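These protein sequence lines map, in sequence, to chains A and B.
Residue 417 in this note's numbering sits at position 417 of the first sequence, and the numbers go up by one each step.
Just add 1000 to wherever you are in the second sequence, counting from 1, and you've got this note's numbering.
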Amino acid sequence: MKKINRRDFLVKSSAAAAAFAATPGVAYSQVVGGGGNFTDYRALVCVFLFGGNDSFNLLVPSSDAEYNVYAQARQNLAVAQADLLPITPAVPDVVDFGLHPSATGMQTLFQNGAAAFVANVGPLVEPTTKDEFFQGSVTLPPQLFSHNDQQDQWQSLRGNAPSSTGWAGRMADLIRTSVADQQMATNASLFGSNLFQSADETVAYVMGPGGPIQFEGFSLDPNNILFQQREAFRRVVDAQYDSIYERGFADVQKRAIDAAETVTAAIASAPQLNTVFPQSQLGTQLRTVARLIAVRDQLQMQRQIFFVAMGGFDSHDDQIQNQPGLLGGISDGIKAFYDATVELGISDSVTTFTQSDFGRTLTSNGDGTDHAWGGNQIVVGDAVFGQRMYGSYPLLQIDGPEDVGGGRIIPSTSADQFAATLAKWFGVDDADLGVVAPNINNFAARDLGFMV
Amino acid sequence: MRILRLISITVSFALTLAGCGGGGADAPPPGPPPPPPPPPVMKLEAYQFLNQSSFGATEADAQVVIDMGIEAWIDDQLTKPASLQLPHLQALPRPQFLFQLQPDRVDIWFRNVLHGEDQLRQRVAFALSEIMVVSQLGALTNTPYGLADYYDMLAENAFGNYRDLIEEVTLHPSMGVYLSMLGNEKPNPALNIRPDENYARELMQLFSIGLVALNNDGTQVLDAQNQPIPTYDQAIIEGFAHVYTGWTYAGSPSFQQARQTDSNQVIPMQLYPAFHDTGAKQVLNGEMIPAGQLGDQDLSDALDNVFNHPNVGPFIAIRLIQRLTTSNPSPGYVDRVASVFNNNGTGVRGDIGAVVKAILMDAEARPALHMEIDGKVKEPILRVTQLWRSYDAVSISGRYPLQAAYILFGQGPLQSPSVFNFFSPFHAPPGEIRNASLVAPELQIATEYLNTLFTNFMFFQCFALNQTNTDLQDDDIYIDFAEEMAIADDANALIDMVAEKLLAGQISDTLRTEIAGMLALIPLEDSAVRAAETIYFVVTSPEFAYQM
């Protein structure tokens, strides 16, 4: 058949793909560690809360004046003041805060110094005030309040430019020569493919919530016919194919065969954990992450980024009924995972954090809330400078100074700052933080200070 | 690929013959030339077409297409009534908990797509169910009748008018629950309550116009700064959110006391005027819906406003082309299909049947010169149904209650994880596809994990769930390869037979060689293992995962 060249390929460019105009390659200014190896192990665990978590009901002002403003705004969706779980920051604020009554695990972690909150953080291109928002005098992230676009914002930090890579993917690319001996990809997802870990040079490994699964028809015993089957199967997927779709499919099969064998062999030697994880989607994933971290040495891992997730946060309906399960689910899952890292003696090298599409409207649509913007995020681990709150908690007032309508709160801290702080701890050079968080230079603080 | 070149040669040969037909010394004086007869359809072309237009090409169906011709087959399919789900569910005993009927809903979906004569209608309905998404996973777990009825509604409107379709989608209680228009009420400023924006947003973003202004060929309209132009803003979302107030389950004692019942989940929502906002509402294109109208008039005006937005044609064209024929249509292809959406030739806008026919009849659906970006990844569940249709898959009970489809394959009928479907129309996997600014939506669910699950499913399907197994459970879906077993001692004949059934005979040298190598290791008398081995290698291969 006629072989087409690259030029033809682009001429017949896709209308559907037009939204993904090619972006210039990222310039990797330097390799972290000067091309040498890291001397320690560090892992980031992203807990993505799909749907947009109503985190102003997770971390709530409990002082009377501020609580009353909150209650006036939230009306029938407000958490009762008496039900809030008290927390006592190491550095007392003029305002007291409490946690949603389901978040007992988070309360314990915070009080023990292992957890911090970053208040009112969200995607921004540059610092933005309410006046600037309405005057159109600042650049805004595109398609605010839209699920997939704001998920993409959090995961890619693309600002107002299209991006096909995520900030975890770019971190993995930056350090790739320093971790060349790793037996598994730096990025691993237990919740499907995602933009967060997508990269130009490295490929994330997607496993199941319980870890990798084996190909049933394959054996590594050369005396078994299933060994021959594996070899034959492998040659089929290694063959040259004419179509980009065949090649794309075959590439996944190749990676699946290789990674499943390596990782499964390692994870089989993982110690039995005494920590009890909740029987939940998130609990299962975090338990698997703990098991993978337990076998980091067998896999020669030095830097890992895990993506786990939980859905159901798009609480347009029945928020009062559903929020205890949602917020309790985060709290119980993250608490168990932290406990497991303590059990493994690695809690100072593993940092867990949340991201979510957006915060939700302070106003109600009757029995739920709609898509908004800023929200509160959680950071957990013994490398976290915990029992503290970072950023600036907004006044939760309808039509207040940070509300752009209906209780959609403008973030006072950018997701770029949040990510850059984690990236720096992970081992990204300061000079490369702009690769991870492209708009970081638009903000005064490159480091929010929540990592030791 | 080799045969594709053969097609193009054959087509040009046939055209040459047609062009020369009747040429001779004593030819009659030239009149208006008769239209050239359509070129004969070859088996591989029939397979390509049927994989675009049905739940998997089979030799029997290919013969029908070869006999009828492609256009006549489409025209015939456009007249086939829908195979329905709801009557099946309603004929079953009502279980104590309605979620227990979900396996039966999946069962009737498989029965219809495997055996229904309305293959094209079912295929388009499936495509629509991936665009106007509702899902069993979530608030509709206990709503199997509603989900079945929603799917039936998609099937019945699959060749109808898009304007009717979006109205039926909007008023269906399954959508009402899923995107929370059901129970949405007018503002109550004293309580900081304002209308729910969920449906308002997703109808525009996902079902009709998308986020940015499009040219008729699907490319983005750019402003003076070379930036895309948003199709709507928050004020417009709020305008539509106010439109969609006052609707809940039909026949409820009151708006506030509306509760789901077995019967009201399958009839359109009803307006309760006291809960509808009667103010003026901002909609698209700078238009306003005037104050003081009744809720059904507001709805009608709002849906007209969406329907007449110039984005709908290219938006729906791209979505349906991607589901049926190719991931990366050229702007020309989109333009041709969108133009049919805009006007079906008799002045009607929104004729989905005409759009489907235009998609399937377009030269780009069967290009004479096949390029490496033509076609798409075959959706995993379509790989399964193609195998099942070719190998008469059935269970002892006659049922196909494969409720775990969404776990095993990453997709299942009305089993999306969210309104954003199993995969995004914009998904671009890393590597050459992304680097060329192309997309491959189905590869979003071809992760290492899901591909392994799928490969293992096929392993069990071929080696265990077949007609030779004497320990099958009543609901085990098994394939029948008795024909293969009869000739299984002849490796070449065996490979040929499977390749003919599943690939129209178009098997790569590598795949043939590797299967032959495996068959050489399997004793001749193990005919079932030899048949299973051959089918397993074909259905897990990259070439079977490719819809050319």
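Idealized CB from N, CA, C, for every residue including glycine.
Just so it is clear, the structure is predicted and the values come from calculations on it, not from any experiment.
Enumerate in chain order the residues of its own chain whose CB-to-CB distance from residue i is below 6 Å, with the five nearest sequence positions on each side excluded.
i, result
"Asn439(A)", "Val125, Gly159, Asp416"
"Gly406(A)", "Thr361, Thr363"
"Trp1073(B)", "Val1065"
"Leu1171(B)", "Pro1268, Met1269"
"Ser219(A)", "Leu226, Phe227"
Starting from the Cα of residue i, find the closest Cα among the options and give me that residue.
i, options, result
"Leu1084(B)", "Ala1486(B), Ala1125(B), Val1377(B)", "Ala1125(B)"
"Ser1054(B)", "Phe1423(B), Met1497(B), Leu1387(B), Ser1424(B)", "Leu1387(B)"
"Pro324(A)", "Thr104(A), Gln81(A), Arg287(A)", "Thr104(A)"
"Gln304(A)", "Gly312(A), Ser412(A), Gly366(A), Val179(A)", "Val179(A)"
"Val60(A)", "Phe38(A), Arg42(A), Gln107(A), Ala43(A)", "Gln107(A)"
"Phe507(A)", "Leu190(A), Thr139(A), Ala80(A)", "In the structure displayed, chain A extends from 1 to 452; residue 507(A) sits before or after that span and is not available."
"Gln182(A)", "Ile346(A), Phe117(A), Arg296(A), Gly329(A)", "Arg296(A)"
"Gly366(A)", "Ile398(A), Trp373(A), Ile320(A)", "Ile320(A)"
"Asp93(A)", "Tyr393(A), Asn442(A), Ala437(A), Asp447(A)", "Tyr393(A)"
"Met1132(B)", "Thr1141(B), Trp1109(B), Ala1062(B), Asn1157(B)", "Asn1157(B)"
"Asp1149(B)", "Asn1466(B), Gly1505(B), Asn1451(B), Asp1262(B)", "Asp1262(B)"
"Gly434(A)", "Asp83(A), Leu85(A), Met171(A), Gln377(A)", "Met171(A)"
"Gly283(A)", "Gln240(A), Asp332(A), Thr354(A), Thr352(A)", "Asp332(A)"
"Ile1318(B)", "Asp1392(B), Ser1424(B), Leu1408(B), Ala1224(B)", "Ser1424(B)"
"Thr1219(B)", "Gln1293(B), Tyr1333(B), Glu1525(B), Asn1161(B)", "Tyr1333(B)"
"Gln229(A)", "Thr1455(B), Lys1501(B), Gln1473(B), Leu1503(B)", "Thr1455(B)"
"Leu422(A)", "Val380(A), Val342(A), Ile410(A)", "Val380(A)"
"Ala1545(B)", "Phe1409(B), Phe1275(B), Ser1397(B), Ala1155(B)", "Phe1409(B)"
"Glu1130(B)", "Leu1320(B), Val1266(B), Met1288(B)", "Leu1320(B)"
Whole angstroms are fine: how far does the CA of residue j sit from the CA of residue i?
i, j, result
"Asn53(A)", "Leu395(A)", "18 Å"
"Ala419(A)", "Gln81(A)", "32 Å"
"Pro278(A)", "Asp1217(B)", "50 Å"
"Thr1143(B)", "Asn120(A)", "38 Å"
"Val1283(B)", "Pro1310(B)", "14 Å"
"Pro1103(B)", "Ser1395(B)", "14 Å"
"Gly328(A)", "Ala1139(B)", "19 Å"
"Glu231(A)", "Met1485(B)", "25 Å"
"Asp317(A)", "Arg1201(B)", "15 Å"
"Ile1237(B)", "Asn76(A)", "24 Å"
"Val1134(B)", "Gly1176(B)", "10 Å"
"Glu402(A)", "His1115(B)", "58 Å"
"Asp382(A)", "Ser347(A)", "5 Å"
"His1088(B)", "Ile1108(B)", "7 Å"
"Glu1168(B)", "Glu261(A)", "50 Å"
"Gly210(A)", "Tyr1449(B)", "10 Å"
"Asp447(A)", "Ser55(A)", "22 Å"
"Glu1059(B)", "Gln240(A)", "28 Å"
"Ile409(A)", "Gly375(A)", "8 Å"
"Ile1479(B)", "Leu1521(B)", "23 Å"
Please list, in chain order, all residues of the same chain as residue i whose beta carbon is under 8 Å from its beta carbon, the five residues on each side excluded.
i, result
"Gln1077(B)", "Ser1053, Asp1118, Gln1119, Leu1120, Arg1121"
"Arg234(A)", "Lys254, Ile257"
"Ile1507(B)", "Ile1495, Ala1499, Val1538, Glu1543"
"Glu132(A)", "Val138"
Which residues in the same chain have their Cβ closer than 7 Å to the Cβ of residue i, if we skip the five residues on either side of it in sequence?
i, result
"Leu1211(B)", "Gln1205, Pro1230, Thr1231"
"Leu326(A)", "Gly312, Phe313"
"Ala21(A)", "With a pLDDT of 30 at Ala21(A), under the threshold of 50, the predicted position of this residue should be treated as unreliable, though the coordinate-derived value follows. Once the five neighbours on either side are set aside, the close Cβ partners of Ala21(A) are Pro162."
"Ala294(A)", "Ala270, Pro271, Leu344"
"Met184(A)", "Tyr205, Ala259, Thr262, Val263, Leu299, Met301"
(request) Say whether the segment 1086-1104 of chain B touches the segment 1354-1368 of chain B, bearing in mind that this needs 3 or more beta-carbon pairs closer than 8 Å, one atom from each stretch. (result) no
(message) Can you pull out the residues from the segment 362-385 of chain A whose beta carbon lies closer than 8 Å to at least one beta carbon of chain B?
(response) Leu362, Thr363, Ser364, Asn365, Gly366, Asp367, Gly368, Asp370, His371
(message) Any C-beta of chain A within less than 9 Å: which residues of the segment 1511-1529 of chain B qualify?
(response) Leu1511, Thr1513, Glu1514, Ile1515, Gly1517, Met1518, Leu1521, Ile1522
(request) Assess, as a yes-or-no matter, whether the segment 1375-1382 of chain B is touched by the segment 1342-1357 of chain B under the definition of 3 or more beta carbon pairs within less than 8 Å. (result) no
(request) Using a Cβ-Cβ cut-off of less than 9 Å, list which residues of the segment 1353-1373 of chain B approach chain A; keep chain order. (result) Leu1369, His1370, Met1371, Glu1372, Ile1373
(request) For the segment 197-220 of chain A, enumerate the residues whose C-beta is nearer than 8 Å to any C-beta of chain B, in chain order. (result) Ser198, Ala199, Asp200, Val203, Tyr205, Val206, Met207, Gly208, Pro212, Ile213, Gln214, Phe215, Glu216, Gly217
(message) Using 8 Å as the cut-off, can you tell me whether the segment 1246-1254 of chain B makes contact with the segment 1172-1189 of chain B, which would need three or more C-beta pairs spanning the two stretches below that distance?
(response) yes
(request) For the segment 1393-1404 of chain B, enumerate the residues whose C-beta is nearer than 8 Å to any C-beta of chain A, in chain order. (result) none
(message) Within 8 Å, do at least three Cβ pairs link the segment 241-251 of chain A to the segment 1511-1518 of chain B?
(response) no
(message) Under 7 Å, CB to CB, which of the residues in the segment 1036-1063 of chain B have a partner in chain A?
(response) none
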